[in-house]
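**Student:** Got a structure for you, questions after.
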Amino acid sequence: MIIDTILSGDRPRSRLLGALLMAAFLALAFAPFLFPGTKALGVASRICIFIVLAASYDIVLGYTGIVSFAHAMFFGIGAYGVAIALSNLPVGWGAIFIGLGGALVVSAVLAVAIGFISLRLRALYFSMMTLALASFALIVATQLRDITGGEDGLTFSLPHLLAVSYRPFAAPVLGVRIDGRIVTYYLVFTAATALFLLMLRIVNSPFGRVLQAIRENEFRAQALGFSVVLHRTLAGTIGALMATCAGALLALVLRYNGPSASLSFEIMVDSILLMTVVGGMGTLYGPLLGAIVIVLAQYYLQPGMAALAEWTDGVPLLPHLFNPDRWLLWLGVLFVLIVYFFPTGLVGRMRGWTEPDE
Amino acid sequence: MPILETRALTIRFGGHVAVNAVSCAFEAGTLTAIVGPNGAGKTTFFNLVSGQLPASDGQVIFKGEDITALGPHLRTRRGLGRAFQLTNLFPNLTVLENVRLAVQARLHPRVDLFSMAARHRELLDAAHGYLDRVSLGHRARTRASVLSHGDQRKLEVALMLALEPDVFMFDEPTAGMSVDEVPVLLDLIEAIKQDTSKTILLVEHKMDVVRRLADRIVVLVNGTLVADGKPAEVVALPVVQEAYLGIRRKEAAHG
């Protein structure tokens with residue numbers, strides 16, 4: 034019962050998925066001790082953040098059926114909110130909350146505006162409009178140099194507790210010296226866990242059920258008495274606010290924010306969209322797995338290929354295939370294969386093994 | 375005062391007038407059959423009343439209120455229930471969830487983000503009740519898309535029952551059903567009819583069904599109301615013989 038309350042009754046419904054989720058949770062919970070080192074900690078933070086970001090996109094794309102390319106914009110707004118506040122205000126928790134609060138307000142206003150515009154446009158034109166809006170956001174961020182730092186972005190300091198130099202314990206804990214980076218990681222991990230569980234609750238609430246009904250048959254949902262406009266706009270706004278929170282967490286981890294870190298099309302397409310589709314739309318667990326798989330691939334495919342190339346040195350052709358410069362090619366092949374063979378994503382596939390259609 | 379009334383209700387698609395100045399009042403507690411040849415505008419008339427199409431002219435008055443400008447979801451909330459001719463379900467959700475959504479629309483209409491839908495037992499129990507009424511209880515866990523055509527029609531009706539409307543609009547509820555499935559639906563419509571506070575509008579082709587159920591028949595031809603009265607009188611009218619039954623005979627000859 035308590036598990037059902039935490040997971041909002043949305044059980045993995047597949048042993049393999051359940052085991053993977055448990056393993057991922059434990060690995061992330063103890064990441065600083067299991068995988069010591071700055072790079073590993075950065076990867077773990079990025080996984081936590083992108084889980085929230087991809088899941089927030091799933092509320093929009095998977096649960097509501099809205100194809101928006103402006104989702105990275107909300108991520109960027111969150112990151113810029115914190116970055117701008119910490120660059121201009123006295124460094125402290127107050128600045129972080131002011132930055133996050135301001136970013137949430139901006140995101141909410143934009144999301145509601147997008148929701149109303151979507152009423153006037155058909156699906157394809159709406160997607161085009163979001164693409165234009167994303168371009169516009171990128172241009173604004175690079176052009177308003179005085180505020181955003183332009184192409185270079187903003188570098189800032191964090192409150193004492195999160196600063197790299199902070200040492201809560203004199204001696205190492207479990208062989209790891211605890212510093213502000215690890216404190217920041219646990220802040221990110223806790224926030225990501227809470228936000229993910231909150232989203233899981235929302236998609237399994239009466240509201241979430243209406244979203245699924247609208248995705249399935251908008252016309253009929255309306256005929257039952259549900260306001261499609263209200264539910265769509267609210268779903269878009271919730272997704273936007275969650276993405277904004279993820280962006281704020283990113284800024285804290287990087288201690289920096291710039292256009293390529295949080296606002297680029299690479300983030301939108303190579304990360305958010307792929308994670309959601311590869312993992313399995315409309316499941317929330319799918320984007321979670323997708324975020325893990327893709328962040329790991331982005332960080333470890335290239336060094337892994339370098340090792341393979343070295344190992345196969347002397348064998349004809351193979352070292353060339355595994356040349357680390359070709360890692361993006363392999364990443365592309367991997368995605369095409371996953372999407373081709375698992376059209377419902379990794380989670381859809383796993384659940385398919387355990388629940389045959391009636 | 376009639377519970378539902380249309381006043382010169384009209385819709386034009388370009389130059390084509392699909393429903394032409396139809397004025398018709400429906401008294402509470404009656405069952406009115408709306409008949410007419412294919413393409414007479416019966417379903418279009420329904421769409422104007424329930425709000426799926428915006429009227430070009432005229433008004434829809436429901437419970438004394440002009441609802442012409444309201445969207446379909448607001449008409450539903452005021453008590454206007456509609457079952458569709460072409461089955462119109464949530465195909466990838468379970469049969470139970472289809473009905474549960476309709477129950478939720480009525481009993482739990484507020485936006486609720488933070489409670490668990492699965493813990494609202496009262497909604498699930500009510501949904502099971504409606505499924506039993508259309509004898510679909512045993513298919514509760516099935517996905518709606520894999521139901522047989524007849525079962526999908528029953529589910530369609532269950533969605534409307536779950537809304538507990540004051541006016542039920544059935545659009546050819548028995549179309550495409552096998553012979554042994556039809557009585558379940560007709561019994562259901564008769565059961566609703568027993569409740570004198572409920573009003574039924576029924577679009578139906580089968581004259582035996584119409585004669586069995588209807589208190590009154592309204593005939594539409596080319597979007598115009600050509601006859602309106604007691605079943606025996608209406609069927610005897612020359613205009614009906616010619617326009618409606620005549621065409622039906624021709625169709626039968628072609629078929």
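Sequences listed follow chains F and X, in order.
In this text, residue positions in the first sequence follow this note's numbering: the first is 34, and each later residue adds one.
In this text, residue positions in the second sequence follow this note's numbering: the first is 375, and each later residue adds one.
Built from N, CA and C at the ideal position, the CB exists for glycine as well.
Where T450 (chain X) and L599 (chain X) are concerned, what is the direct C-alpha to C-alpha distance, given to the nearest angstrom?
**Tutor:** 25 Å
**Student:** Leaving out five residues before and five after M383 (chain F) in sequence, what residues of the same chain have Cβ atoms less than 7 Å from its Cβ?
**Tutor:** S47, L49 and L50
**Student:** Specify the secondary structure class of H632 (chain X) as computed by DSSP and reduced to three states.
**Tutor:** Nothing can be reported for residue 632 (chain X): it is not among the residues displayed for chain X, which extend from 375 to 629.
**Student:** Rounded to the nearest angstrom, how far is the Cβ of V311 (chain F) from that of I327 (chain F), given a contact under 8 Å?
**Tutor:** 7 Å
**Student:** Cutting at 6 Å between CB atoms, please list the residues of its own chain near T548 (chain X), excluding the five before and the five after it.
**Tutor:** Excluding residues within five positions, the ones whose Cβ falls inside 6 Å are V556 and L559.
**Student:** Quick check on D486 (chain X) - is its C-beta less than 8 Å from some C-beta in chain F?
**Tutor:** yes
**Student:** State the DSSP-derived secondary structure class of R517 (chain X), mapped to helix, strand or coil.
**Tutor:** strand
**Student:** Take T516 (chain X) as the anchor and find which of X:L467, X:D506, X:A407 and X:A429 has the nearest alpha-carbon.
**Tutor:** X:L467
**Student:** Specify the secondary structure class of A601 (chain X) as computed by DSSP and reduced to three states.
**Tutor:** strand
**Student:** Does the beta carbon of H494 (chain X) sit closer than 8 Å to a beta carbon anywhere in chain F?
**Tutor:** yes
**Student:** Got a sec: is the Cβ-Cβ distance from R382 (chain F) to anything in chain X below 8 Å?
**Tutor:** no
**Student:** Going along chain F in order, which residues have a C-beta closer than 9 Å to the C-beta of R456 (chain X)?
**Tutor:** Within chain F, the residues near R456 (chain X) are A256.
**Student:** According to DSSP, is D185 (chain F) helix, strand or coil?
**Tutor:** helix
**Student:** Identify which residue in X:K528, X:S489 and X:A536 has its Cα closest to the Cα of D499 (chain X).
**Tutor:** X:A536
**Student:** If you follow the beta strand (DSSP E) that L481 (chain X) is part of, which residue opens it and which one closes it?
**Tutor:** Boundaries for L481 (chain X): no beta strand (DSSP E) harbours it, while the alpha helix (DSSP H) harbouring it runs V469 to L481, taken from the DSSP string.
**Student:** So N421 (chain X) and G597 (chain X) are in contact, right, with Cβ under 8 Å, and what is the actual spacing, rounded?
**Tutor:** That pair is no contact at about 13 Å.
**Student:** So, with DSSP's three-state summary, where would you put Y113 (chain F)?
**Tutor:** helix
**Student:** Assign N412 (chain X) to buried or exposed, taking buried as 16 or more other Cβ atoms, counted over all protein chains shown, within 10 Å of its Cβ.
**Tutor:** exposed
**Student:** Within 10 angstroms of the Cβ of R44 (chain F), are there 16 or more other Cβ atoms? Answer buried if so, exposed if not.
**Tutor:** exposed
**Student:** Going by DSSP, which residues form a beta bridge with R590 (chain X)?
**Tutor:** R590 (chain X) has X:T406 as its beta-bridge partners, per DSSP.
**Student:** Give the range of the alpha helix (DSSP H) segment to which E638 (chain X) is assigned.
**Tutor:** Absent from the structure is residue 638 (chain X), since the part of chain X shown begins at 375 and ends at 629.
**Student:** I need the straight-line Cα distance from T461 (chain X) to R214 (chain F), nearest angstrom please.
**Tutor:** Approximately 58 Å, taken between the alpha carbons.
**Student:** Tell me, please, whether the CB atom of Q245 (chain F) is closer than 8 Å to any CB atom in chain X?
**Tutor:** Yes, Q245 (chain F) lies at the interface with chain X (some Cβ there is under 8 Å from its Cβ).
**Student:** Do you know how far the Cα of A64 (chain F) is from the Cα of E391 (chain F)?
**Tutor:** Note that E391 (chain F) has pLDDT 37, beneath the 50 cutoff, so the model's placement of it is unreliable and no number is given.
**Student:** Using only the alpha-carbon positions, how far apart do G75 (chain F) and G132 (chain F) sit?
**Tutor:** 23 Å
**Student:** Near S120 (chain F), which residues of its chain fall below 6 Å by C-beta distance, leaving aside the five closest residues on each side in sequence?
**Tutor:** L187 and F189
**Student:** Strictly below 8 Å CB to CB, what residues from chain F border Q478 (chain X)?
**Tutor:** Ordered by position in chain F, the residues that pass the 8 Å Cβ test against Q478 (chain X) are P239, R242 and V243.
**Student:** If you follow the alpha helix (DSSP H) that L61 (chain F) is in, where does it begin and where does it stop?
**Tutor:** R48 to A62
**Student:** Would you say T417 (chain X) faces chain F, with C-beta separation under 8 Å as the test?
**Tutor:** With a threshold of 8 Å between beta carbons, T417 (chain X) makes no contact with chain F.
**Student:** Shorter than 7 Å, the distance from the beta carbon of D91 (chain F) to the closest heavy atom of the ligand GDP, or not?
**Tutor:** Inclusion of the ligand GDP in the displayed structure is not the case, the ligand content being empty and no account of it being possible.
**Student:** Flag this pair as touching only if the region 568-576 of chain X and the region 536-545 of chain X have three or more C-beta atom pairs under 8 Å; answer yes or no.
**Tutor:** Touching, yes.
**Student:** Tell me whether G347 (chain F) sits in a helix, a strand or coil according to DSSP, three-state version.
**Tutor:** Coil, per DSSP.
**Student:** Give the C-beta separation of M301 (chain F) and H104 (chain F) to the nearest angstrom, bearing in mind that I take them to be a contact with Cβ-Cβ under 8 Å.
**Tutor:** 6 Å
**Student:** Mark Y218 (chain F) as exposed unless 16 or more other C-beta atoms lie within 10 angstroms of its C-beta, in which case mark it buried.
**Tutor:** buried
**Student:** Where F149 (chain F) and G453 (chain X) are concerned, what is the direct C-alpha to C-alpha distance, given to the nearest angstrom?
**Tutor:** 27 Å
**Student:** In the DSSP assignment, find the unbroken alpha helix (DSSP H) run with T316 (chain F) in it and report its ends.
**Tutor:** Membership of T316 (chain F) in any alpha helix (DSSP H) is not indicated, and neither H nor E is assigned to it by DSSP.
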